[in-house]
Every structure is written in structure tokens, then in C-alpha cells.
Amino acid sequence: MESQAFQKIYTKLTNITKATVTLKAADVGYDEMALVHGRRAQVVKLMGDQVTLQVFAGTEGIPTNAEVTFMGRPPQLKVSEDLGGRFFNAYGDPIDGGPDVEGEIRDTGSPSVNPVRRMQPSQFIATGIAGIDLNNSLVSGQKIPFFADPDQPYNQVMASVALRAKADKIILGGMGLTNDDYLYFKNVFENAGALDRIVSFVNTTDNPPVERLLVPDMALTAAEYFAVDHDQNVLVLLTDMTLFADALSIVSNRMDQIPSKDSMPGSLYSDLARIYEKAVQFPSGGSITIVAVTTLSGGDITHAIPDNTGYITEGQLFLRRDTEIGKVIVDPFRSLSRLKQLVIGTQTRSDHPQVMNAAVRLYADAANARTKLENGFDLTDYDERTLDFAKEYSEQLLAIDVNLDTDTMLDIAWDLFVKYFTKAEVRIKKEFVDKYWKK
Amino acid sequence: MEKNNKTTGKVAGIVSNLVIVEVDGPVSQNEIGFIVHGKERLMAEIIKVEGVNAFIQVFESTRGVRIGAKVEFEKHMLEVTLGPGILSRNYDGLQNDLDKMKGVFLTRGEYTDPLNREVKWDFKPLATKGDRVTAGSWLGEVMENSISHKIMVPFKMEGRYTVKKIVEKGEYTVDDTVAVVEDEEGNETSLTMVQKWPVKVPIKAFKHKPRPFRLLETGVRCIDTLNPITEGGTGFIPGAFGTGKTVLQHAISKQAEADVVIIAACGERANEVVEVFTEFPELEDPRTGRKLIERTTIIANTSNMPVAAREASVYTAMTLGEYYRSMGLKVLLIADSTSRWAQALREMSNRLEELPGPDAYPMDLSAVISNFYSRAGFVYLNEKDATGSISFIGTVSPAGGNLKEPVTESTRKAARCFYGLSQDRADSKRYPAIDPIDSYSKYLEYPEVQKNLAENQGDEWLGNVLKARDILLRGKEAMEQINILGDDGVPIAFHDRFWKSELIDFVILQQDAFDKIDATTSLERQKYMLLSVLSVADSEFEFKDFEVVSTFYKEMINLYKQMNYSEFESDDFKKHESELQELLKTKMK
Numbered sequence: 549m550e551s552q553a554f555q556k557i558y559t560k561l562t563n564i565t566k567a568t569v570t571l572k573a574a575d576v577g578y579d580e581m582a583l584v585h586g587r588r589a590q591v592v593k594l595m596g597d598q599v600t601l602q603v604f605a606g607t608e609g610i611p612t613n614a615e616v617t618f619m620g621r622p623p624q625l626k627v628s629e630d631l632g633g634r635f636f637n638a639y640g641d642p643i644d645g646g647p648d649v650e651g652e653i654r655d656t657g658s659p660s661v662n663p664v665r666r667m668q669p670s671q672f673i674a675t676g677i678a679g680i681d682l683n684n685s686l687v688s689g690q691k692i693p694f695f696a697d698p699d700q701p702y703n704q705v706m707a708s709v710a711l712r713a714k715a716d717k718i719i720l721g722g723m724g725l726t727n728d729d730y731l732y733f734k735n736v737f738e739n740a741g742a743l744d745r746i747v748s749f750v751n752t753t754d755n756p757p758v759e760r761l762l763v764p765d766m767a768l769t770a771a772e773y774f775a776v777d778h779d780q781n782v783l784v785l786l787t788d789m790t791l792f793a794d795a796l797s798i799v800s801n802r803m804d805q806i807p808s809k810d811s812m813p814g815s816l817y818s819d820l821a822r823i824y825e826k827a828v829q830f831p832s833g834g835s836i837t838i839v840a841v842t843t844l845s846g847g848d849i850t851h852a853i854p855d856n857t858g859y860i861t862e863g864q865l866f867l868r869r870d871t872e873i874g875k876v877i878v879d880p881f882r883s884l885s886r887l888k889q890l891v892i893g894t895q896t897r898s899d900h901p902q903v904m905n906a907a908v909r910l911y912a913d914a915a916n917a918r919t920k921l922e923n924g925f926d927l928t929d930y931d932e933r934t935l936d937f938a939k940e941y942s943e944q945l946l947a948i949d950v951n952l953d954t955d956t957m958l959d960i961a962w963d964l965f966v967k968y969f970t971k972a973e974v975r976i977k978k979e980f981v982d983k984y985w986k987k
Numbered sequence: 003m004e005k006n007n008k009t010t011g012k013v014a015g016i017v018s019n020l021v022i023v024e025v026d027g028p029v030s031q032n033e034i035g036f037i038v039h040g041k042e043r044l045m046a047e048i049i050k051v052e053g054v055n056a057f058i059q060v061f062e063s064t065r066g067v068r069i070g071a072k073v074e075f076e077k078h079m080l081e082v083t084l085g086p087g088i089l090s091r092n093y094d095g096l097q098n099d100l101d102k103m104k105g106v107f108l109t110r111g112e113y114t115d116p117l118n119r120e121v122k123w124d125f126k127p128l129a130t131k132g133d134r135v136t137a138g139s140w141l142g143e144v145m146e147n148s149i150s151h152k153i154m155v156p157f158k159m160e161g162r163y164t165v166k167k168i169v170e171k172g173e174y175t176v177d178d179t180v181a182v183v184e185d186e187e188g189n190e191t192s193l194t195m196v197q198k199w200p201v202k203v204p205i206k207a208f209k210h211k212p213r214p215f216r217l218l219e220t221g222v223r224c225i226d227t228l229n230p231i232t233e234g235g236t237g238f239i240p241g242a243f244g245t246g247k248t249v250l251q252h253a254i255s256k257q258a259e260a261d262v263v264i265i266a267a268c269g270e271r272a273n274e275v276v277e278v279f280t281e282f283p284e285l286e287d288p289r290t291g292r293k294l295i296e297r298t299t300i301i302a303n304t305s306n307m308p309v310a311a312r313e314a315s316v317y318t319a320m321t322l323g324e325y326y327r328s329m330g331l332k333v334l335l336i337a338d339s340t341s342r343w344a345q346a347l348r349e350m351s352n353r354l355e356e357l358p359g360p361d362a363y364p365m366d367l368s369a370v371i372s373n374f375y376s377r378a379g380f381v382y383l384n385e386k387d388a389t390g391s392i393s394f395i396g397t398v399s400p401a402g403g404n405l406k407e408p409v410t411e412s413t414r415k416a417a418r419c420f421y422g423l424s425q426d427r428a429d430s431k432r433y434p435a436i437d438p439i440d441s442y443s444k445y446l447e448y449p450e451v452q453k454n455l456a457e458n459q460g461d462e463w464l465g466n467v468l469k470a471r472d473i474l475l476r477g478k479e480a481m482e483q484i485n486i487l488g489d490d491g492v493p494i495a496f497h498d499r500f501w502k503s504e505l506i507d508f509v510i511l512q513q514d515a516f517d518k519i520d521a522t523t524s525l526e527r528q529k530y531m532l533l534s535v536l537s538v539a540d541s542e543f544e545f546k547d548f549e550v551v552s553t554f555y556k557e558m559i560n561l562y563k564q565m566n567y568s569e570f571e572s573d574d575f576k577k578h579e580s581e582l583q584e585l586l587k588t589k590m591k
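Order-wise, the sequence lines are chains A and B.
With the first letter of the first sequence counted as 1, position 80 gets the number 628 in the numbering used here; the numbers rise by one all the way through.
With the first letter of the second sequence counted as 1, position 129 gets the number 131 in the numbering used here; the numbers rise by one all the way through.
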């Protein structure tokens with residue numbers, strides 16, 4: 549299949565649209581890759597002897613007598629240890645000036661893991677960010693996105709999460725990254741001296757948008773190689789999945805499909821699930837954890853993209869600017885980690901669940917007090933104390949710029965409880981109060 | 003030879019998992035075919051025929067398939083294999099046994115036998131020579147886990163038969179002949195323990211299907227007490243993500259009073275199925291003390307598995323349910339979530355270029371959903387006085403949490419119980435987040451259900467339930483007034499009214515699914531607690547000012563919670579109850 553020598557060259561296109569070309573060709577497989585006028589394309593429709601190809605870079609300037617060759621294979625990636633430290637484009641070609649990677653050829657978009665062969669995720673991932681570790685702990689094998697407005701520093705947060713998490717490999721899948729953000733990631737990884745355990749597949753805003761549809765599959769093929777063949781713990785970063793979904797809608801629109809909610813294709817849920825469900829804990833010890841970014845428009849989580857994402861992922865980390873402290877925090881109300889129950893209090897200190905709940909409850913009381921204040925009602929002494937507590941809690945724990953170990957986070961929470969409340973108001977099990985309540 | 007009669011065809015077009023096949027003979031709608039792709043055989047189903055072109059939806063990825071590939075049709079629709087050994091199995095949507103598959107990854111074109119052909123079952127005959135039998139008649143039984151699994155005359159056999167021969171009690175494999183029956187023309191048929199049935203056709207081997215009338219105990223208070231579902235009833239749970247659909251479904255599947263539980267994980271997260279795989283072999287059925295896995299079958303077609311098989315998975319689950327119902331068993335069927343199934347229909351309808359209905363769903367969505375829900379129900383079997391039931395609860399994942407979207411609307415027409423999960427309740431961690439005011443159970447309006455409730459829970463029961471609902475409603479109104487006018491802008495009675503509704507909310511509605519004791523509540527206990535709470539609601543208290551009201555009720559709620567966390571009528575339970583009485587005295591008028 550790989551022999552390029554006897555390939556037939558076609559030169560007669562019968563149809564050209566903005567995204568696709570159609571020609572008469574024989575013996576072509578579905579999903580197969582092709583070259584059209586030097587541009588990468590993929591078979592999206594076979595009808596009799598007519599083959600329709602989606603040209604990733606668009607069809608501008610393609611003549612009807614353009615050369616078309618079929619590659620006889622689906623999108624593939626060569627995998628080996630040499631992937632570490634390298635930067636690739638959406639097709640898996642190096643963009644860092646280095647040589648091609650030699651290795652075993654793997655088809656991207658591999659089949660799903662048999663659900664009975666999965667293990668329950670069970671390993672706590674410490675990120676140093678209390679808004680995550682304390683309130684929404686991550687577990688290896690989990691899939692979770694940041695929900696953030698475009699003006700929030702989600703890429704910076706993700707880079708720190710990646711560097712602090714003790715992953716064997718970090719795979720960055722960048723979709724529609726600005727060149728500045730691409731260079732930012734490159735610098736951060738380089739400065740941290742972590743480059744050799746990082747593999748990047750990047751589609752920047754300079755590249756055609758439809759190309760980015762290949763990025764998650766490339767990143768996850770590399771991830772599966774390290775997690776399955778080498779039993780490594782792999783962290784996959786996907787940013788920004790909203791731009792990925794936008795590319796899906798462009799394609800479906802050009803293919804004359806009937807759009808469903810918010811102009812998104814009807815298959816959006818399945819398309820996203822196919823990617824996120826690659827997160828897995830393998831019985832052999834390897835794992836794939838996916839941390840993604842879904843940018844929102846004005847915090848609206850009912851839009852089809854965050855909505856479908858929320859149904860697929862195991863929680864979400866919601867970033868919000870806290871005007872009280874002037875910093876971005878991980879919102880404790882709208883964030884959720886569905887898998888935290890598997891690790892908190894067992895792999896972290898045993899007072900963790902109770903401290904977490906008490907702090908969030910008191911923070912909620914502060915929110916109520918603020919509403920009261922805004923509506924012009926008088927505040928009680930308790931209300932005043934919750935407001936003071938909330939400010940410090942936000943500043944010292946929720947802000948995304950903290951970097952603490954979990955025990956310190958818990959100690960800080962206890963200090964704040966002691967400072968502002970009585971034992972009865974905090975309502976934590978007696979055994980923990982006896983141990984940690986220090987005047 | 004029969005094989006020669008099979009129609010074959012050639013692939014003439016491919017768009018994703020929709021394939022057009024030029025056929026050389028007769029085919030039927032919904033017939034199963036296999037695309038021959040190298041060594042792989044990819045299963046598909048005919049969904050439309052146009053001239054010599056059959057449109058098939060493929061249950062696998064079509065990557066690499068070429069024009070001209072051979073397709074072999076099987077002359078039957080998508081079928082499941084029915085026989086002993088289905089319980090405790092993990093199947094995919096097409097009833098392949100997932101545990102029998104070798105690799106870590108699912109291999110395209112790998113199909114595995116749903117039954118174990120080697121294991122021997124202890125067969126005990128129930129019919130005797132000369133008995134007149136029809137489809138669904140019980141010929142014998144084997145013990146499957148702790149359940150009496152009836153071996154029946156296959157549902158496909160039409161007309162009347164006479165038992166010519168039946169084997170003696172003893173050990174047999176599922177493929178051994180256990181009986182020979184003769185039709186009215188004298189043709190004999192040998193029967194084994196195995197039969198097949200097309201999943202899209204309801205099994206109708208029963209006498210009649212009355213309206214459901216008997217309460218199905220789920221152990222979840224805000225279902226059993228406020229909006230009960232019946233044995234053979236239908237209900238649905240719509241809820242935005244994060245409102246606790248999965249926890250509630252798991253709670254119901256763990257605790258409900260059912261002989262057999264079938265869980266169709268249809269297009270949802272794989273890790274949730276892993277949770278069931280991991281937990282159910284450990285957890286005990288609260289009624290029988292046996293492991294939950296013994297009564298459970300899981301149909302796992304998670305969101306990353308082929309989309310077309312998602313549709314099949316709910317039908318597969320329903321057919322397995324109907325099979326066990328025909329044995330006189332109480333079956334609980336859970337599908338999570340029917341929205342994913344509807345989305346699979348939408349994707350295919352789109353590829354077929356059908357004119358779309360609302361939100362691009364197919365126009366017949368509502369009919370498809372109604373037909374499916376109508377397969378549940380309570381039945382009187384042909385077998386002497388035997389009854390069986392399928393109670394069906396489906397979850398719906400409304401896009402954007404909007405309950406006006408087509409799947410929720412269509413399901414509302416079909417299901418009799420509505421358990422709406424409220425975002426507000428979930429946000430304030432009031433779980434299960436079933437909205438007590440918007441949710442309903444149509445069964446409460448059935449006179450036969452009312453009669454059944456009166457017999458089991460007492461004549462006063464229904465009146466008390468309605469009273470509790472009223473208190474909740476009035477509490478909500480009082481809260482709105484307080485929010486507008488301020489704490490001291492309303493009479494103290496408003497605070498009292500509000501806190502009485504909070505009392506019902508905290509003590510009856512909210513339930514800790516992760517607490518060993520609180521997770522499930524018996525009907526007897528539910529009755530006791532409701533009466534206790536209502537007696538408080540009927541009492542009048544003396545308060546100095548509004549701040550005292552909340553302190554008093556908070557203390558009361560705390561004591562009630564301790565009761566909920568204690569074994570019913572245990573010393574702890576009684577201790578908290580007497581503390582409660584002391585507390586009540588302090589403010590009693």
C-alpha cells in the first residue's frame with residue numbers, strides 16, 4: 549500500500565466546491581487520503597465511480613485538470629520514542645525544522661477501548677491550584693475541560709497544570725492557536741526543561757481552519773502509543789475545542805448538511821465523544837488524561853458546544869474573574885469534577901471532603917449576603933464575617949496563581965475557619981475539629 | 003441449500019456509515035447484511051430501498067471500504083439470542099458478549115456469542131407429554147443465578163402445538179433438545195433452550211395488558227412518596243448535565259424491587275459503565291442479600307462506540323426485558339440516555355436527506371419514542387395466573403437544559419411519570435434534584451393505583467401525599483414574599499410556612515445516595531417519616547421573632563437527618579426521635 553511508484557495520476561475533476569472536489573476514480577477506499585494539486589485531501593463520499601474529496605486547505609485556485617493521487621491509506625502517524633520534544637502540524641509533519649520521525653506507522657482514529665477492559669480511574673493528579681486540587685480534584689484517566697471566556701488566561705493555566713502534573717508525557721493538541729500562544733507554549737515548555745516529554749501537534753490561525761479537524765486524532769494516536777506500548781501516564785491538552793467544533797460546522801455546512809442547534813452539525817455529540825472518550829485508565833497501568841479548553845461566549849454554557857461537552861466530560865473547570873480580588877478564580881459553584889470522590893480523603897488527607905464542603909458552603913453564604921447587601925437589606929454579624937472569609941478564601945485558595953500542596957491548602961482553609969467562624973458554624977465532624985482547629 | 007437463496011449485493015456508494023448497495027434479489031426493510039471487507043465482515047441493517055439500491059446503516063466504521071465490495075444479506079432482521087445465561091453479562095448494543103472479546107480495543111467485525119454453549123444447566127420439566135402449548139408456554143425451568151429461568155416455546159412459533167416429548171430432569175447444555183412438539187398437521191419440531199427474536203418487534207406472548215396498578219418500590223423517597231411509579235409503569239428523567247441523572251439512575255437500579263434489571267448505557271460515558279462493572283459485583287440486593295450483578299444485565303454502547311448500534315442497543319435491552327417478563331418476572335429497564343438514541347436517528351435521517359422536523363430530528367421521532375415506551379407494561383401471561391412486568395425509566399439529556407426541545411417533548415407524551423431534575427436544586431446540592439412541584443406521576447390519578455396505595459399504605463396515604471405537596475407549594479410562595487419584602491417585612495407566619503416546606507424538603511425529598519442507610523428507604527419507613535413530618539407541619543408554634551424560626555427548624559431538621567441516617571426503629575433512631583419531641587415541646591403553643 550505504501551509504494552508510491554505505481555500510483556495512478558488523475559487529472560480530470562468534474563466538480564469543485566469551496567471545500568471539496570469530485571472526480572471519476574476506481575479502487576478508492578472510504579476515508580482514504582489523497583493529494584489534490586499538492587494539497588492534502590480525504591475521501592468523504594463514494595458514489596458509483598465518483599469520488600468526493602474534502603480538501604483541507606480549501607479549493608482556491610484548483611484547476612479542473614489538477615493532479616490527483618490517492619495514498620491508499622487513512623491519516624497516519626509514525627510513532628516512536630523520538631516524538632518527544634517535537635512540534636508537528638495537523639498532518640504530523642515536523643514544523644520545528646527537525647528531521648522526520650522514524651517509527652511504526654499507526655492509523656489515526658483507532659477503535660474504542662472495550663468498556664469491560666477499562667479500569668476505574670483512581671490516581672489523584674496534583675496541580676498546585678487549590679481551585680482544582682481542593683474543590684475539583686483531577687484523577688488520571690479523567691476528561692475535563694476548562695470553560696472560559698476568550699479573554700481569560702486559560703492557556704497559561706493549562707500550561708502550569710501540564711508542568712506540575714506528574715505525567716510521563718504531555719501531548720499538546722493546539723487548534724486555532726494564535727502564533728503568540730504557540731510561541732508561549734513553546735517557551736514555557738523549553739524554560740521548564742520539560743521539552744523532551746512534550747509532543748505538540750499545532751494548527752495555528754495561519755493554517756486553514758479545516759486542517760484542525762485532524763489535530764485531536766493525531767494527538768491521541770501519539771497518546772495511545774505512549775500509554776499502551778509504554779504503560780505511561782499521558783496528559784493530553786486540547787485547546788481550543790470550540791474552534792475544533794467551529795471547523796466541524798464549516799465542513800458540514802459545505803457538505804449541505806442540515807444544521808441542528810446553534811448551526812452545529814447533528815453529529816456534534818458523537819464527534820466530541822469520540823475524542824474525549826479516549827481518556828482511559830488501562831489495566832496495564834498506562835493512562836490517558838484529557839484536559840481541554842472550551843471557550844464560551846459571554847459565559848453561556850447553554851450553547852451547543854459547551855452543552856454537548858458537559859454531557860460528555862467528567863465535569864468542568866469554570867474560570868471567572870472575581871472582581872472582589874481582581875483575579876481569575878476557579879468558580880467553586882459552576883465547576884465540578886465527577887471523579888473527585890474516587891480520591892479525596894483517601895489519597896489526600898482524610899479531612900479533605902469535609903473541609904471542601906464546609907468552605908464552599910460558607911462561600912455560598914457569602915454570596916447570599918452579597919445579594920442581601922445589593923438589595924439594600926441589613927447584614928447580620930454572620931453575614932459580615934462570611935464576606936470577609938470569602939475574600940480571603942478567594943485570594944488565598946481559589947485564585948489560579950496559587951501553587952500549594954494539598955495539605956497546605958487544607959491548613960489554610962482551617963486557619964480561615966478559625967479566624968472567622970465558630971466550630972458550630974463550620975459544622976465539621978468532631979474528630980477533624982479536635983485535630984485541626986488551632987487557635 | 004438455503005445459502006443459495008440469500009440475496010447478495012455490491013457496494014455502490016458510501017457516505018460515512020450509510021452505504022448504498024446494488025442488490026441482485028429480494029431484500030426486506032430492516033434486513034441484516036454483512037459487507038465483506040477483506041477478512042472483516044461488517045454488520046449493517048437495511049433502512050431504505052430504492053429500486054435495486056438498498057440503503058444500509060453500518061454498525062461499524064466504514065473506513066477503507068471500496069466500491070464493489072460484496073454484501074451478503076441474512077434474510078432476517080436484527081435478532082437477539084435468548085436463553086439461560088444472559089444475566090450478569092456485559093453486552094454491546096448488538097448483544098455481543100464484551101468479555102469474550104480478546105483485545106483491549108474493540109476490533110471491527112468481531113462478533114461474539116451472547117451465550118455460553120458448554121455450560122450445563124439443571125433442567126426441570128414443567129410441561130408433560132400431551133400438554134397443549136403455544137408460543138411462550140413454559141416447558142421447563144433452569145436456575146439462572148437465583149432466578150427461575152423458564153424455557154419456553156419459541157415466540158416465533160405460531161399456532162397450537164402438542165408436547166410429544168420432554169426430557170427428564172437433568173443436566174443439559176443450551177443446545178441440547180429438551181422437548182419435541184407437534185403442530186396440528188403432525189409436523190414435529192425439536193426445541194432447545196435457545197431461541198431468537200427480532201429486536202424491533204414486540205414480544206406479544208401474553209393474554210392481556212391491563213393498566214399498571216401496583217406500586218414499584220424504588221427506595222427513593224421523592225419517587226415512592228410523592229410521584230410513585232408502578233410495576234409495568236413508565237417514567238423519564240430529564241436533566242441538564244451535572245444535575246445528578248446518573249446517580250439517580252444508579253440508585254434506582256440498585257434498590258428497586260425487581261427480579262431482573264437491564265441497564266442500557268446508550269451513548270453515555272464509558273467510565274459510568276465501568277462504575278457499574280466495578281460496584282455491582284460487590285453490592286448486595288437489599289431484598290435478597292445476593293450480589294446485584296446476579297440480577298443485572300448491562301448493554302453498553304457508550305458514546306464512542308458506533309452510532310448506529312446505539313439505536314439497536316435500546317431495542318436489544320427491551321427485547322431481553324420482554325423475554326424475562328414472559329417468565330413471570332418483574333423487570334426494570336433503564337436507558338441512559340434516550341436523547342443519544344434520538345441523536346443517532348437524527349444523524350441517519352440527515353444522511354438519507356430526509357426533510358427534517360424540529361431541531362433537525364426526523365419527523366417520526368415522537369412516534370418512534372411512543373412505540374418504544376409502549377413495549378413496557380404489566381401483563382397477564384398465558385401461563386396459569388402468572389404475571390410479569392417491565393417498568394421502564396429513561397433519562398433524557400435536553401440540549402442546553404431546555405425542556406421544550408423535541409426529545410423531552412416527545413417523551414413527555416409517552417411516559418407516565420416525569421421526574422424533572424432542577425438545575426437550582428442541583429446547584430444548592432439538594433439531591434436527588436427532582437423538582438417536587440413540576441414533577442408528576444399520572445399513576446396517582448388511576449383509581450386502581452389509589453386502591454392499591456390505600457391497601458398497602460393506608461386510606462389516609464394519598465391525602466397526606468397531596469397535603470405534603472401543598473405545603474411545598476405554599477412554602478415556595480412564602481419564600482418569594484420574603485425575598486421581595488425582606489425578613490422583617492413579612493409576618494412571622496410566613497417564615498413558619500417557609501420552614502415547614504424546608505422541613506419536608508430536607509427530611510423527605512433530600513436523600514443521601516452515598517450513605518449506606520439513607521440511600522434506600524422502605525415504604526413502611528417512608529410512611530412513618532411522612533406522618534411524623536406532617537404532624538409537625540400541623541402544629542402551631544410560638545416564636546419571639548423571625549430569627550428564632552430558622553434556628554428552631556434548623557435544629558429540628560438536624561435531628562430528623564440523624565434519624566434518616568440511623569437504622570429504622572433502632573436505639574439511635576429512637577434517641578433522636580425523643581430529642582425531637584423535647585425540642586418540639588419548647589415552642590409548642
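Quick reminder that beta carbons are idealized off the backbone N, C-alpha and C, glycines included.
Since this is a predicted model, take the numbers as computed values, not measurements.
Subject >> Contact set for B/PHE279: own chain, Cβ-Cβ below 7 angstroms, skip 5 residues either direction >> reply: Along the second sequence, read from residue 1 onward, the residue named residue 279 of chain B stands at position 277. Counting only Cβ-Cβ distances below 7 angstroms, and skipping sequence neighbours, we find ASN92.
Subject >> Option in B/ASN55, B/PRO116, B/TYR174 and B/GLY15 with minimal Cα separation from B/PHE125 >> reply: What you label residue 125 of chain B is simply residue 123 of the second sequence in a count that begins at 1. It is B/TYR174 whose Cα lies nearest to the Cα of B/PHE125.
Original post:
Starting from A/GLN602 and walking both ways along the beta strand (DSSP E), at which residues does that stretch end?
Top reply: Within the first sequence, the letter at position 54 stands for residue 602 of chain A. Taken as a continuous stretch (DSSP letters only), the beta strand (DSSP E) holding A/GLN602 covers 598-603.
Original post:
What are the start and end residues of the alpha helix (DSSP H) that includes B/GLY465?
Top reply: Translated into the one-based positions of the second sequence, residue 465 of chain B becomes position 463. For B/GLY465, the enclosing alpha helix (DSSP H) has its first and last residue at 463-487.
Original post:
From what residue to what residue does the alpha helix (DSSP H) around A/TRP985 run?
Top reply: Within the first sequence, numbered from 1, the residue matching residue 985 of chain A stands at position 437. If you look at A/TRP985, you'll find it isn't in any alpha helix (DSSP H); DSSP assigns it neither H nor E.
**OP:** Report all residues from its chain with a CB closer than 6 angstroms to the CB of B/VAL333; omit the five preceding and five following residues, and keep chain order.
**Re:** Taking the first residue of the second sequence as position 1, residue 333 of chain B is located at position 331. Residues VAL262, GLY323, TYR326, ARG327 and ILE392 of the same chain have their beta carbon placed closer than 6 angstroms to that of B/VAL333, with the five preceding and five following residues left out of the count.
Original post:
Hey, quick one: how far does the beta strand (DSSP E) through B/TYR382 stretch, first residue to last?
Top reply: Position 380 of the second sequence, counted from the first residue, corresponds to residue 382 of chain B. Its beta strand (DSSP E) spans residues 379-382.
Original post:
Out of B/ASN560, B/PRO200, B/GLU259 and B/GLU33, which has the shortest C-alpha to C-alpha gap to B/GLY234?
Top reply: Along the second sequence, one-based indexing puts residue 234 of chain B at 232. When C-alpha distances from B/GLY234 are compared across B/ASN560, B/PRO200, B/GLU259 and B/GLU33, the shortest belongs to B/GLU259.
Original post:
Quick one, which residues of the stretch 87-103 of chain B are near chain A if we go by CB-CB under 7 angstroms, in chain order?
Top reply: Taking 7 angstroms as the upper bound on Cβ-Cβ separation, chain A lies near residues ASN92, LEU100, ASP101 and MET103 of the stretch 87-103 of chain B.
Original post:
Quick one: is A/HIS585 near chain B, going by C-beta distance under 7 angstroms?
Top reply: Here residue 585 of chain A refers to the residue found at position 37 when the first sequence is read from its first residue. Cβ-Cβ to chain B under 7 angstroms: no for A/HIS585.
Subject >> Per-residue contacts from A/SER536 into chain B (C-beta, under 7 angstroms) >> reply: Residue numbering for chain A in the displayed model covers 549 to 987; residue 536 of chain A lies beyond these limits and cannot be assessed.
Subject >> Three-state secondary structure (DSSP) of B/PRO2 >> reply: Past the edges of chain B, shown from 3 to 591, lies residue 2 of chain B, and the structure says nothing about it.
Subject >> Beta-carbon spacing of A/LEU594, A/TYR578 below 7 angstroms >> reply: Against the first sequence, residue 594 of chain A aligns to sequence position 46. Against the first sequence, residue 578 of chain A aligns to sequence position 30. Yes. Within cutoff.
Subject >> Length at least 4, wholly inside the stretch 786-819 of chain A: the alpha helix (DSSP H) runs in chain order >> reply: With a minimum length of 4 residues, the continuous alpha helix (DSSP H) runs that stay inside the stretch 786-819 of chain A are 789-802.
Original post:
Closest Cβ-Cβ distance between A/GLN895 and chain B: below 7 angstroms?
Top reply: Taking the first sequence and counting its residues from 1, the one referred to as residue 895 of chain A is at position 347. A/GLN895 is outside the set of residues whose beta carbon lies under 7 angstroms from a beta carbon in chain B.
Original post:
In the structure shown, what three-state DSSP assignment does A/GLY846 receive?
Top reply: In the first sequence, the residue the question calls residue 846 of chain A occupies position 298. Secondary structure of A/GLY846 (DSSP, three-state): coil.
Original post:
Closer than 7 angstroms, CB to CB, is A/ASP579 near chain B or not?
Top reply: For this step, residue 579 of chain A is matched to residue 31 along the first sequence. For A/ASP579, a Cβ of chain B is located within less than 7 angstroms of the residue's own Cβ.
Original post:
Excluding five sequence neighbours on each side, which residues of the same chain lie with their C-beta closer than 7 angstroms to the C-beta of B/SER368?
Top reply: Within the second sequence, residue 368 of chain B is the residue found at index 366, counting from 1. Only SER412 and LYS415 meet the Cβ criterion.
Original post:
CA-CA distance, A/LYS626 and A/PHE636?
Top reply: Here residue 626 of chain A refers to the residue found at position 78 when the first sequence is read from its first residue. Here residue 636 of chain A refers to the residue found at position 88 when the first sequence is read from its first residue. Answer to the nearest angstrom: the Cα atoms are 12 angstroms apart.
**OP:** Would you mind stating whether A/VAL661 and B/VAL275 have Cβ atoms separated by less than 7 angstroms?
**Re:** Here residue 661 of chain A corresponds to residue number 113 of the first sequence, with the count starting at 1. Here residue 275 of chain B corresponds to residue number 273 of the second sequence, with the count starting at 1. A distance of 7 angstroms or more separates the beta carbons of A/VAL661 and B/VAL275.
**OP:** Evaluate B/ARG377 with the Cβ neighbour count: other Cβ atoms within 10 Å of its Cβ, from every protein chain shown; 16 or more gives buried, anything less gives exposed.
**Re:** Along the second sequence, one-based indexing puts residue 377 of chain B at 375. B/ARG377 is buried by the Cβ-count criterion.
Original post:
Quick one: which chain A residues come within Cβ less than 7 angstroms of B/ASN306?
Top reply: Working through the second sequence from its first residue, we reach residue 306 of chain B at position 304. What B/ASN306 touches in chain A: SER660, ALA821, ARG822 and GLU825.
**OP:** Ignore the nearest five residues each way along the sequence and tell me which others in B/LEU532's own chain have a CB closer than 7 angstroms to its CB.
**Re:** Within the second sequence, numbered from 1, the residue matching residue 532 of chain B stands at position 530. Once the five neighbours on either side are set aside, the close Cβ partners of B/LEU532 are THR227, ASN466, ALA470 and ILE510.
**OP:** For A/PRO901, return the contacting residues in chain B, with the cut-off set at a CB-CB distance below 8 angstroms.
**Re:** Along the first sequence, one-based indexing puts residue 901 of chain A at 353. Against chain B, a Cβ distance below 8 angstroms from A/PRO901 picks out nothing, because the smallest value is about 10 angstroms.
Original post:
What residues in its chain sit with their C-beta under 6 angstroms from that of A/ASP630, if we drop five residues either side in the sequence?
Top reply: Here residue 630 of chain A corresponds to residue number 82 of the first sequence, with the count starting at 1. Within the same chain, and ignoring the five residues on either side of A/ASP630 in sequence, the residues whose Cβ sits closer than 6 angstroms to its Cβ are VAL649.
**OP:** Pull up the DSSP beta-bridge partners for A/GLN885, would you.
**Re:** Position 337 of the first sequence, counted from the start, is the residue given in the question as residue 885 of chain A. Before going further, note that residue 885 of chain A is Ser rather than Gln in the sequence given. Beta-bridge partners of A/SER885 (DSSP): A/GLY863.
Original post:
So the alpha helix (DSSP H) A/ILE948 belongs to, where does it begin and stop?
Top reply: The residue given as residue 948 of chain A occupies position 400 in the first sequence. Note, A/ILE948: premise wrong, no alpha helix (DSSP H); not H, not E.
Subject >> Any C-beta of chain B under 7 angstroms from that of A/SER551 >> reply: Numbered from its first residue, the first sequence carries residue 551 of chain A at position 3. Residue placement at A/SER551 is flagged as unreliable, the pLDDT there being 44, under the threshold of 50; the coordinate-derived value follows with that caveat. No, its Cβ sits nowhere closer than 7 angstroms to a Cβ of chain B.
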